[in-house]
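To start, the structure itself, in structure tokens.
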Amino acid sequence: MTDKYLLLNGKKFYYDEIANYSFRNSIPINGYEAKTLEFCRNWLNGVQEFPIQTSGSTGAPKRIVLTRQQLEASARRTIRLLNLQQGDTTLVCLNTEYIAGMMMLVRGFEADLQMLIVKPISNPLTLVDREKEIAFASFVPMQLQTILQEMPDALPRLNKMKGILVGGAPLTPSQQRDMQLIAAPIYHTYGMTETASHIALRKLNGADAADYYEVLDNIEVGLDKRGCLTIKGDVTNNERLVTNDIVELLTATRFRWIGRADNTINTGGVKVQVEKVEQGIAETFVDFADSPRFFIAPQPDELLGEKIVLIIEGQPFNTATEDELLYRLRSHLDKFEVPKDVYYSTAFSETSTGKVSRKRTLQKLGLYTA
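Below is the structure:
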């Protein structure tokens, strides 16, 4: 372990000094670096349990404990899938205080990869030496899209990777289109903190791109009476985990994600799935010059009980543009799915993992009613 090291924001830390935490006085570190190194120290010293915060993107954040065995089991699946080998360089550019970033560290330790850790910004490649070859990375969709838009010269580096994971948020049609430029295999992940990261992957590019997720080996999935996915395997300590995700189970190992059970709006007696409506809106925005972030939400309505409203990030559209948007939406959505009103927020509130906080954004606009 003496000569092994990782690079954290350009600073070299040898595993021995991390394990002993002996660098504190010799190398200046900030708060994020300290927390990252603390996890690494615990891992190198054989700690068996790791408390971790869920993201809070769909509900109240909570603290859970994952075992070392769960994290190792999850890491080994990804290592096998992408054929990661000792010495391969991995870029860690997701927040290491949450499961996606934490698991990048675990995979690095498990496969004996050369870890290149940078702070989680929108274009992490700006923090990496242009000559450095990377074998494996994981991004949120916005990061990968930003790289492609801002650094077209990065495409050859992306093409050489063994694999790229994308997760943490749904993909827009424009993001999926942009990813077809990349030759390296890209996988959209399905998983959660409670399953120690992903338990299923969907291929996004190439001839074998799919609209369904393929469950990883030795993970059992099923449906509960609501049609929501259930998961059982070593990553759940072999306990049956019930999710709130409505899926279409295609085979014993394949499913198509529909949306969350708690993301249904009852408008005029018609149950509308939020994710389906947002997909139609995203397809409409592809024709616009700029595709802003957006989401839909229910609001009380005397006639309908609940009406659908559209929240758009940025400055308000002029009347003609907004009318054109609503006109086009009618060709992508059913009658009851078309938003009744449009609201604008100059900047969406976000969770600490960079996801849109719908609740806090609605609260800022005075629209949150729950």
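With my numbering applied, the sequence shown covers 22 to 391. C-beta atoms are modelled at their ideal positions from N, C-alpha and C, and glycine is treated no differently.
Contact between L325 and T288 holds: CB atoms are separated by about 5 Å, below the 8 Å threshold. In the DSSP assignment, T342 falls within the alpha helix (DSSP H) that extends over 340-353.
Non-local beta-carbon contacts of A204 in its own chain, meaning distances under 7 Å to residues more than five positions away in sequence, involve N180 in chain order. In the DSSP assignment, I317 forms a beta bridge with L331. Straight-line measurement puts the Cα of A132 at about 7 Å from the Cα of L105. Nearest to R89 by alpha-carbon distance, out of Y36, M163, P49, R128, is R128.
When C-alpha distances from Q135 are compared across Y26, P337, E70, the shortest belongs to Y26. A residue is called buried once 16 or more other Cβ atoms fall within 10 Å of its Cβ, and T342, having fewer, is exposed. The three-state secondary structure of D311, taken from DSSP, is coil. Taking the C-beta atoms as reference points, V293 is found nearer than 7 Å to E358.
Under the three-state reduction of DSSP output, I85 falls in the strand class.
Around the beta carbon of F157, 16 or more other beta carbons sit within 10 angstroms, so the residue counts as buried.
For M200 and L225, the gap between their C-alpha atoms comes out near 8 Å. Residues of the same chain with a CB within less than 8 Å of the CB of M172, apart from the 5 flanking positions on each side, are N144, L146, T147 in chain order. Cβ neighbours of A96 within its own chain (closer than 6 Å, five residues either side excluded): V127, R128, E131. Proximity to I120 across Q164, F71, Q107 peaks at F71, based on C-alpha coordinates.
Note that the C-beta distance between I39 and L58 is below 7 Å. Note: M136 is bridge-paired with T111 in the DSSP secondary-structure output. Secondary structure note for P162: its alpha helix (DSSP H) is the uninterrupted segment 162-171. Comparing C-alpha distances from I267 to each of K297, K253, A231, A55 shows the shortest one belongs to K297. With respect to R62, Y35 sits apart: the two C-beta atoms are not nearer than 7 Å. With fewer than 16 other beta carbons inside 10 angstroms of its own, E260 counts as exposed.
With distances taken between CA atoms, I185 lies nearest to Q166 out of P194, Q166, S195. Collapsing the DSSP output to three states places Y53 in a helix. Around the Cβ of A228, a 10 Å sphere holds fewer than 16 other Cβ atoms; the residue is exposed. DSSP places F157 in the strand class (E or B) of the three-state scheme. For L102, the closest of Y208, V295, Q336, K246 by C-alpha to C-alpha distance is Y208. Counting along the chain, A121 sits inside the alpha helix (DSSP H) bounded by residues 120-131.
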